[in-house]
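So the mapping is simple: the numbering used here equals the position in the sequence shown, first residue as 1, plus 24. By construction, the Cβ of each residue, glycine as well, lies at the ideal position given by its N, Cα and C atoms. Quantities reported herein were computed from a predicted structural model and do not represent experimental measurements.
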Amino acid sequence: MGAPFKKFEAHASGGPRIREIPMRMVLPNLVTVLAICAGLSGIRFAFENRFEIAVVMVLLAAFLDGIDGRLARMLKATSKFGAQMDSLADIVNFGVAPALVLYAFLLDRAGSPGWIAALLFTIACGMRLARFNVLADDTDQPAWQTEYFVGVPAPAGAVLVMLPLYLYFLRLGLEPTRPAAFIATGFTVLIAFLLVSRLPVYSGKSVKVPGDRVLPVILGVVLYILLLMTYPWYTLTASVGGYLLFLPFSVRAYSKRARLEGEKVPPSDIG
């Protein structure tokens, strides 16, 4: 009788076989796979000129990709396999899918510069994710610095780069013309550089809500979700504008905190 806690066992017809995986270990990986399916489906709908549903699928992919890790930690189901799957999903959902949807909608009208911008964004997203994984293992980093991302995080970059689509869906008279394509190309390159920059972006991980403000905060979150469901493109456009305006305040807060901590602020690649 084999050892009950052995992770792998020999198999006569092939390599090692993984034994008895609990369902709680499978669930986060299933969410990750669904996120990849949503991202790739968004690309398909973009190629079929169904851009609204394409954007919805990419945003759904980003949402699913954002909760799979939290679900794994909540269920105590983290694993090396899940971490590798999550990294694969990240590059697809935050890099490849938004870039190709935007290219199919508008960037292709700019010709080669539009394609270069899409490539730069995807590559920048991959580099941003790789840097995040490396910094996550850095135990020498001061505790207060863990409250800030280095560069705009990949999920935020995916939402930001699709701003031209949100503006078009608002029916404000904006059309996917060649001049608009060149403007979108420049905007895409800007977001790519924000991803790989050393811009300190406050993460909000350490925020604690006082007990007397829990209900107003919950109400505010519910209101935002309702606005997102009722007026998705207005809400997303306002969210992108608010996030971009938030970045300078984040840099200022980081600089102030660094002075208080006696640390030297790393030079920013932006600004």
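Self-check item: Three-state secondary structure assigned by DSSP to Val57
Solution: Within the sequence shown, numbered from 1, the residue matching residue 57 stands at position 33. When secondary structure is reduced to three states using DSSP, Val57 falls in the helix class.
Quiz item: Taking the C-alpha atoms as reference points, what is the distance between Val183 and Leu83?
Solution: The residue you call residue 183 lines up with position 159 of the sequence shown. The residue you call residue 83 lines up with position 59 of the sequence shown. Each residue's Cα considered, the two are about 7 Å apart.
Quiz item: Quick check: the region 145-160 against the region 104-121, are there 3 or more CB pairs under 8 Å?
Solution: Touching, per the Cβ criterion.
Quiz prompt | DSSP three-state assignment for Pro224, whether helix, strand or coil | solution = Taking the first residue of the sequence shown as position 1, residue 224 is located at position 200. Strand, per DSSP.
Quiz item: When the Cα of Leu64 is compared with those of Val80, Val50, Pro52, which residue comes out closest?
Solution: For the purposes of this step, residue 64 is taken as residue 40 along the sequence shown, with counting starting at 1. The option with the nearest alpha carbon to Leu64 is Val80.
Quiz item: What is the C-beta distance between Ala134 and Ala216, in whole angstroms, given that I count them as a contact (C-beta under 8 Å)?
Solution: Sequence index remark: in the sequence shown, residue 134 carries index 110 (1-based). Sequence index remark: in the sequence shown, residue 216 carries index 192 (1-based). Your pair Ala134 and Ala216 does not check out as a contact, with CB atoms roughly 15 Å apart and the cut at 8 Å.
Quiz item: Hey, which unbroken runs of the beta strand (DSSP E) at 3 residues or more fall wholly within the region 193-224?
Solution: Here no run is fully enclosed.
Quiz item: Looking at the structure shown, is Tyr255 part of a helix, part of a strand, or coil, going by DSSP?
Solution: Residue 255 sits at position 231 when you count from the first residue of the sequence shown. In the structure shown, Tyr255 adopts coil according to DSSP, grouped into three states.
Practice problem: Using beta-carbon positions only, say whether Phe129 and Ala70 come within less than 8 Å of one another. | Solution: Numbered from 1 along the sequence shown, position 105 holds the residue referred to as residue 129. Numbered from 1 along the sequence shown, position 46 holds the residue referred to as residue 70. Result yes, Cβ atoms of Phe129 and Ala70 sit closer than 8 Å.
Quiz item: Can you check whether the CB of Val213 is closer than 8 Å to the CB of Leu126?
Solution: On the sequence shown, residue 126 is found 102 positions in, with the first residue counted as 1. On the sequence shown, residue 213 is found 189 positions in, with the first residue counted as 1. Judged by beta-carbon spacing, Val213 lies beyond the 8 Å limit of Leu126, meaning their Cβ atoms are not closer than that value.
Quiz prompt | Nearest-angstrom beta carbon gap, Leu99 and Pro166 [assumed within contact, 8 Å] | solution = As a working mapping, residue 166 is identified with position 142 in the sequence shown. As a working mapping, residue 99 is identified with position 75 in the sequence shown. Incorrect: roughly 31 Å between the Cβ atoms, too far for contact.
Quiz prompt | Closest residue to Asp89 among Ala178, Gly235, Val241 (Cα-Cα distance) | solution = The count along the sequence shown starts at 1 and reaches residue 89 at position 65. Nearest C-alpha to Asp89: Ala178.
Quiz item: So what's Val246 in DSSP terms, helix, strand or just coil?
Solution: Here the question's residue 246 lines up with position 222 in the sequence shown. When secondary structure is reduced to three states using DSSP, Val246 falls in the helix class.
Quiz item: With burial defined as no fewer than 16 other Cβ atoms inside 10 Å of the residue's Cβ, what is the status of Asn24: buried or exposed?
Solution: Beyond the ends of the chain as shown, which are 25 and 295, falls residue 24; an answer cannot be given.
Self-check item: Pairwise C-alpha distance: Ala86 and Pro203
Solution: Indexing the sequence shown from 1 puts residue 203 at position 179. Indexing the sequence shown from 1 puts residue 86 at position 62. Each residue's Cα considered, the two are about 29 Å apart.
Quiz prompt | Range covered by the beta strand (DSSP E) that runs through Phe173 | solution = The count along the sequence shown starts at 1 and reaches residue 173 at position 149. Unbroken beta strand (DSSP E) run through Phe173: 172-174.
Quiz prompt | Coarse secondary structure for Pro291, derived from DSSP in three states | solution = Within the sequence shown, numbered from 1, the residue matching residue 291 stands at position 267. Summary for Pro291: the model assigns pLDDT 49, below 50, so the residue's position carries little reliability; its value from the coordinates is reported in the next sentence. Residue state, collapsed to three classes: coil.
Quiz item: By the 10 Å Cβ neighbour count, where 16 or more other Cβ atoms means buried, how is Ala208 classified, buried or exposed?
Solution: On the sequence shown, residue 208 is found 184 positions in, with the first residue counted as 1. Buried, because 16 or more other Cβ atoms sit within 10 Å of the Cβ of Ala208.
Quiz item: Quick one: Cα of Thr254 to Cα of Leu247, how far?
Solution: The residue given as residue 254 occupies position 230 in the sequence shown. The residue given as residue 247 occupies position 223 in the sequence shown. About 10 Å.
Quiz item: Closer than 8 Å, CB to CB, is Val120 near chain C or not?
Solution: The chain labelled as chain C is not found in the depicted structure, where only one protein chain is given.
Exercise. Along the alpha helix (DSSP H) that carries Asn157, what are the first and last residues, could you check?
Key: The count along the sequence shown starts at 1 and reaches residue 157 at position 133. Its alpha helix (DSSP H) spans residues 136-160.
Practice problem: Taking only the alpha-carbon atoms, compute the straight-line gap between Thr261 and Phe118 and give it to the nearest angstrom. | Solution: Here residue 261 refers to the residue found at position 237 of the sequence shown. Here residue 118 refers to the residue found at position 94 of the sequence shown. For the pair Thr261 and Phe118, the Cα-to-Cα distance works out to about 18 Å.
Quiz item: In chain order, what residues of the same chain lie with their CB nearer than 8 Å to the CB of Met25, ignoring the 5 residues before and after it?
Solution: Translated into the one-based positions of the sequence shown, residue 25 becomes position 1. At Met25, the pLDDT of 43 sits below 50, so the modelled position is not reliable; the number obtained from the coordinates is stated separately. So no residue of the chain qualifies.
Quiz item: Tell me which same chain residues have a C-beta within less than 7 Å of the C-beta of Tyr226, skipping the five on either side of it?
Solution: Position 202 of the sequence shown holds residue 226. For Tyr226, same chain residues with a beta-carbon under 7 Å away, outside a window of 5 residues either side, are Glu171, Tyr172, Ser274, Ala277 in chain order.
Self-check item: Contact check, Phe193 vs Trp139, beta carbons under 8 Å
Solution: For the purposes of this step, residue 193 is taken as residue 169 along the sequence shown, with counting starting at 1. For the purposes of this step, residue 139 is taken as residue 115 along the sequence shown, with counting starting at 1. With contacts defined by Cβ atoms closer than 8 Å, Phe193 and Trp139 do not form a contacting pair.
Self-check item: Straight-line gap, Ala123 to Val220 (C-alpha atoms, nearest Å)
Solution: Looking up residue 123 in the sequence shown gives position 99. Looking up residue 220 in the sequence shown gives position 196. CA-to-CA, the gap between Ala123 and Val220 works out to about 16 Å.
Quiz prompt | Contact under 8 Å by Cβ, Val264 with Leu223 | solution = Looking up residue 264 in the sequence shown gives position 240. Looking up residue 223 in the sequence shown gives position 199. Going by C-beta atoms, Val264 is not nearer than 8 Å to Leu223.
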